[in-house]
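Reading through the structure tokens given below for one structure.
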Amino acid sequence: MAKTYEITIDGKKCTCEHGEYIWDVAHRNGIKIPALCRHDAFGDHRACCRICLVEVEIKGRRKVVTSCVYPIECECDIYTKSEKVLEERSVVMALLAARSPESEKIQGMAKRMEADTGFERLIKLDNEKCILCGLCVQACNALGTGAISTVNRGTDKEVSTPYDKENISCIGCLSCANVCPTGSIAFEEDAESRTIWNKKFELVKCEKCGEVIGTKESYEFAKKDAKDDNDALVCDACKKKAIADELAATYRLA
Amino acid sequence: MAKTEKLLVCCGTGCIANGAYDVADALEAEIKSRGLDVNVELKVERTGCSGECEAGPIVRLMPRDTMYYKVKPKDAADIIDSLEGEAVQRLLYREGKGKDAKYFEHMQDNPFYAKQHKIVLKDVGVIDPLSLDAYKAVGGYEGLEKALKMTPDEIITEVEKSGLRGKGGAGFPTGRKWRTAAGYDNFPKYIVCNGDEGDPGAFMDGSTMEGSPHAVIEGMIIGALAIGAETGVLYIRDEYALARDHIQHAIDDAYKAGILGDSIMGTDHKLDLSIVRGGGAFVCGESTALMNSIEGKVGEPRPKYIRSVQSGLFEQPTVLNNVESLASIPTILRLGGDEYAKVGTEKSKGTKVFAMVGKVKHTGLVEVPMGTTLRTLIYDIGGGIIGDRPFKAIQTGGPSGGCIPEDLLDLPVDFDTLKEYGAMMGSGGMIVMDDRSCMVEVARYYIDFLCEESCGKCTPCREGLRQMRAILTDICEGRGKEGDIELLERLGHTLEDASLCALGRTAPNPVLTTIKFFRDEYEAHIKEHRCPAGVCAALTSFKIDADKCTGCGLCSRSCPTDAISGEKKEAHVIDTSKCIACGSCREACNFDAIMTEGR
Numbered sequence: 497m498a499k500t501y502e503i504t505i506d507g508k509k510c511t512c513e514h515g516e517y518i519w520d521v522a523h524r525n526g527i528k529i530p531a532l533c534r535h536d537a538f539g540d541h542r543a544c545c546r547i548c549l550v551e552v553e554i555k556g557r558r559k560v561v562t563s564c565v566y567p568i569e570c571e572c573d574i575y576t577k578s579e580k581v582l583e584e585r586s587v588v589m590a591l592l593a594a595r596s597p598e599s600e601k602i603q604g605m606a607k608r609m610e611a612d613t614g615f616e617r618l619i620k621l622d623n624e625k626c627i628l629c630g631l632c633v634q635a636c637n638a639l640g641t642g643a644i645s646t647v648n649r650g651t652d653k654e655v656s657t658p659y660d661k662e663n664i665s666c667i668g669c670l671s672c673a674n675v676c677p678t679g680s681i682a683f684e685e686d687a688e689s690r691t692i693w694n695k696k697f698e699l700v701k702c703e704k705c706g707e708v709i710g711t712k713e714s715y716e717f718a719k720k721d722a723k724d725d726n727d728a729l730v731c732d733a734c735k736k737k738a739i740a741d742e743l744a745a746t747y748r749l750a
Numbered sequence: 004m005a006k007t008e009k010l011l012v013c014c015g016t017g018c019i020a021n022g023a024y025d026v027a028d029a030l031e032a033e034i035k036s037r038g039l040d041v042n043v044e045l046k047v048e049r050t051g052c053s054g055e056c057e058a059g060p061i062v063r064l065m066p067r068d069t070m071y072y073k074v075k076p077k078d079a080a081d082i083i084d085s086l087e088g089e090a091v092q093r094l095l096y097r098e099g100k101g102k103d104a105k106y107f108e109h110m111q112d113n114p115f116y117a118k119q120h121k122i123v124l125k126d127v128g129v130i131d132p133l134s135l136d137a138y139k140a141v142g143g144y145e146g147l148e149k150a151l152k153m154t155p156d157e158i159i160t161e162v163e164k165s166g167l168r169g170k171g172g173a174g175f176p177t178g179r180k181w182r183t184a185a186g187y188d189n190f191p192k193y194i195v196c197n198g199d200e201g202d203p204g205a206f207m208d209g210s211t212m213e214g215s216p217h218a219v220i221e222g223m224i225i226g227a228l229a230i231g232a233e234t235g236v237l238y239i240r241d242e243y244a245l246a247r248d249h250i251q252h253a254i255d256d257a258y259k260a261g262i263l264g265d266s267i268m269g270t271d272h273k274l275d276l277s278i279v280r281g282g283g284a285f286v287c288g289e290s291t292a293l294m295n296s297i298e299g300k301v302g303e304p305r306p307k308y309i310r311s312v313q314s315g316l317f318e319q320p321t322v323l324n325n326v327e328s329l330a331s332i333p334t335i336l337r338l339g340g341d342e343y344a345k346v347g348t349e350k351s352k353g354t355k356v357f358a359m360v361g362k363v364k365h366t367g368l369v370e371v372p373m374g375t376t377l378r379t380l381i382y383d384i385g386g387g388i389i390g391d392r393p394f395k396a397i398q399t400g401g402p403s404g405g406c407i408p409e410d411l412l413d414l415p416v417d418f419d420t421l422k423e424y425g426a427m428m429g430s431g432g433m434i435v436m437d438d439r440s441c442m443v444e445v446a447r448y449y450i451d452f453l454c455e456e457s458c459g460k461c462t463p464c465r466e467g468l469r470q471m472r473a474i475l476t477d478i479c480e481g482r483g484k485e486g487d488i489e490l491l492e493r494l495g496h497t498l499e500d501a502s503l504c505a506l507g508r509t510a511p512n513p514v515l516t517t518i519k520f521f522r523d524e525y526e527a528h529i530k531e532h533r534c535p536a537g538v539c540a541a542l543t544s545f546k547i548d549a550d551k552c553t554g555c556g557l558c559s560r561s562c563p564t565d566a567i568s569g570e571k572k573e574a575h576v577i578d579t580s581k582c583i584a585c586g587s588c589r590e591a592c593n594f595d596a597i598m599t600e601g602r
């Protein structure tokens, strides 16, 4: 069994295993630490939004760390709301708010963290929602298509396809848009097609009910790994209904 | 007069740019055309950087040790005439002008070299970097031979005794790093050389790799033996073409000579070395971004709280050392750690190489014992400020470093002292500035550099730098506001704590140190709409002091907008409606007659 430690978070006694991240232990104990670039779906966190900063005190020495990736490896005291943490978190939040003036979520968070006053001097980007948390890139990579990435560096960094061109790897699955915390990944959809990352996809529909299943490419991509070799284009709801009907027939419930 | 047996022509990047190859060719042609007497074997060797880059190309006659500066191909005949006779005076190092001029013939007389102590650079500029035999003739690979007879523990103990600390700027004890890596039983392990020197104005590592490539390789082999690595990588920034060529040449020679490969000098030890070309990003000098780059990933630092010695390249134990640290290793093994530790201060042992540039009379590459004061560096070695203008500040450590004012010039330069004052020694870049440098503009320059060179991954660094650049630009252009200094400090302190990697955490240093030491200059910009140094065009107007002006006309000829007029030998005037405040006239004036004031 892994070694366990008795630690305190904001004075509350908590138990954790060796190597557990502060953020995870805090949440298990009902202590909320804000985070933007952290998602439960991924084991590795990018630790780039820097909102989840906390202070750790080990043997009388305090330091600021990123709670989503800081592993607990000894007895320690953690402070998620110390004066220093609140100050630095509000500066980081104000920076994000200036970056993404169009994101309601970010503006709301900034207000709650009192990062909306005292920073009027900061310049705001035009029409920006993206906070460059990189979750979209992580989702795309995790799915195995790797169609988008962060490009450029420094203040010019952005998320895009290679050379901003239509990318053959993209399957139009919308994973990137769905995981985005600020809704900044734009896509257009009509009855027949979906356009995202400068690429237009044909939509496929359920043979039974006519509901949109997804893009042709994403359907093919998902089917590649599926054990089911039934070629019929059927949506999840209809599949479930078919199984339920079969069960009902078997038990003569109808 | 001793016979000249060798002519050494400095062929460092700086000297090549100034025509060193042409000089070497001219000397060779001259020797050939004279069919020189058979008793004297003359040889022109092309060496690495001799240090005084600003005075290149440099030709050195050996063994009589006569150094000629700023040599042109047409000087070849005079130089060959002087081989056994009087030195050619006009090519010697000179201090002072006219009747008071003093000439220095030998390297050790020259004040630029007199206070230096060369360990890393001892062979740079002395031997032909493309010759393995030349390196061996000066004790090369003797350190390795010794190491091969030692256990890893003994090697590490020797390095620990030397007190060597990472010369890339962080100052982490090299011996401790090696010992930690040696302690892991997780193979393969890697040794990586960080040759991604990216600070503006720094060229220590580049010159070392160019001038003494085998020293770096020998250091890596010894490190590999100590930690148990069989693969090593040299990550060299792509702009360093000559360094890369010389290192590759040295690696090839070392393989041929059985120094690298499956059997190091006939033993059972193995090591393969290869070069990875950096992609030209400043951030790739950061250890984990560098490793990502070698792995073919995006050059962004890794967020993990795990050290590279435990999980580095390809998540295996990895030792990453800077070029200068590795080049110090052969000497430490050859002479012993105790001998090395005699040089330097109590906590910073050995020497440090600096690339000294800017408004100092003698720019170039200098190596001094740790603990040498900045004043010695600037005034004794550098010869003082150009035009004997007042010194204002020295920028050390590049974009991660700080600006140090005059009253701190007597501090010893080592890993710890400058940090206590909010500056840092850094990797060794030093830019000297005189009273005509605006400290706000200097801070803006570095922040602008970092805005482009930050990887852009984490919020504080990317967004914080963007905002700091905007505020600093506003201040320089006359739009500064009350509260800007405090906001800059607030942003800066957050960057120091909240950024993901060391680049971001040190990025605010240029701003925080200039505010700390030159706050009045920021205030003059914001409150008085005046740039005290007369640099920021929006806040400066130029005027000619009629009492000082001699009417020589130099200013009007240098003015790009024809804003200056006046009769010969009479005081000139500046038409402020045409003046763009570029400062060319002030640079041109020999009589200090151009005055600046606010707008």
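Sequence order for the protein chains is W and L. Using the numbering used here, the letters of the first sequence map in sequence onto residues 497 to 750. Using the numbering used here, the letters of the second sequence map in sequence onto residues 4 to 602. For each residue, glycine too, the CB sits at the ideal point set by N, CA and C.
In this structure, the CA atom of L/Glu87 is about 7 Å from the CA atom of L/Thr7. Here the stretch 504-518 of chain L lies against the stretch 395-407 of chain L, with 3 or more beta-carbon pairs under 8 Å apart. The Cβ-Cβ distance between W/Ala643 and W/Cys629 does not fall below 8 Å. Each residue's CA atom was taken as its position, placing W/Cys548 and W/Pro530 some 5 Å apart.
Counting only runs of at least 4 residues, the stretch 427-475 of chain L fully encloses the following alpha helix (DSSP H) elements, listed from N- to C-terminal order: 442-456. By the neighbour-count criterion, in which 16 or more other beta carbons inside 10 Å mark a residue as buried, L/His365 falls on the buried side.
Along the stretch 344-364 of chain L, there is no position whose C-beta sits under 9 Å from a C-beta of chain W. Per DSSP, the continuous alpha helix (DSSP H) segment holding L/Thr516 begins and ends at Asn512 to Lys530. Under the three-state reduction of DSSP, W/Ser656 is assigned to strand. Under the three-state reduction of DSSP, L/Tyr343 is assigned to helix. Only residues of its own chain outside the window of five on either side were considered, and among them Arg392, Pro393, Lys395 and Ala536 have a CB closer than 7 Å to the CB of L/Asp438, listed in chain order.
Residue pairing by DSSP places L/Ala253 opposite no residue, since no beta bridge is assigned to it. If you ignore the 5 residues before and after L/Thr579, its C-beta comes within less than 7 Å of the C-beta of Ser544, all in its own chain and listed in chain order. Residue burial is scored here from C-beta neighbours: L/Asn197 has at least 16 other C-beta atoms within 10 angstroms and is therefore classed as buried.
Residues of the stretch 629-655 of chain W that bring their beta carbon within less than 8 Å of a beta carbon in chain L comprise Gly630, Ser645, Thr646, Asn648, Arg649, Gly650, Thr651, Asp652 and Lys653, in sequence order.
Note that the C-beta distance between L/Gly166 and L/Ala344 is below 8 Å. Pairwise C-beta distances place the stretch 546-562 of chain L out of contact with the stretch 443-463 of chain L, as fewer than three of them are shorter than 8 Å. Within the stretch 592-670 of chain W, the complete alpha helix (DSSP H) runs of at least 4 residues fall at 600-608 and 631-639. The C-beta of L/Pro66 has fewer than 16 other C-beta atoms within 10 Å across all chains shown, which makes the residue exposed. The closest CA to that of L/Thr462, considering only W/Lys696, W/Glu569 and W/Arg649, is found on W/Arg649. Residue-level contact check: W/Glu584 touches chain L, since one or more beta carbons of chain L fall below 8 Å from its beta carbon.
By the Cβ neighbour-count rule, L/Met598 is exposed, with fewer than 16 other Cβ atoms within 10 Å of its own. Taken in chain order, the whole alpha helix (DSSP H) runs of length 4 or more contained in the stretch 105-179 of chain L are 114-117, 135-140, 145-151 and 155-165. Residues of chain W whose Cβ lies closer than 8 Å to the Cβ of L/Gly459 are, in chain order, Leu628, Thr646, Asn648, Arg649, Gly650, Thr651, Asp652 and Lys653. Taking 8 Å as the cut-off, the beta carbon of L/Val26 is found no closer than this to the beta carbon of L/Lys73. Using a Cβ-Cβ distance cut-off of 8 Å, the stretch 136-152 of chain L and the stretch 192-211 of chain L are not in contact, since fewer than three pairs of beta carbons, one from each stretch, lie closer than that value. Among the bridge pairs identified by DSSP, W/Glu684 is matched with W/Thr691. Residue burial is scored here from C-beta neighbours: L/Gln92 has fewer than 16 other C-beta atoms within 10 angstroms and is therefore classed as exposed.
Using a C-beta cut-off of 8 Å, the stretch 426-434 of chain L makes no contact with the stretch 505-512 of chain W, since fewer than three inter-stretch Cβ pairs fall below that distance. With contacts defined as CB atoms closer than 8 Å, W/Leu618 and L/Gln470 qualify as a contacting pair. With a threshold of 8 Å between beta carbons, L/Ala446 makes no contact with chain W.
For L/Met70, the three-state secondary structure derived from DSSP is strand. Listed along chain W are Thr651, each with a C-beta nearer than 7 Å to that of L/Arg469.
The C-alpha of L/Ser296 is placed about 35 Å away from the C-alpha of L/Gly142.
Contact with chain L is absent for W/Ala498, since none of that chain's Cβ atoms lies less than 8 Å from the residue's Cβ. In this structure, the straight-line span from the alpha carbon of L/Thr270 to that of L/Gly226 is close to 16 Å.
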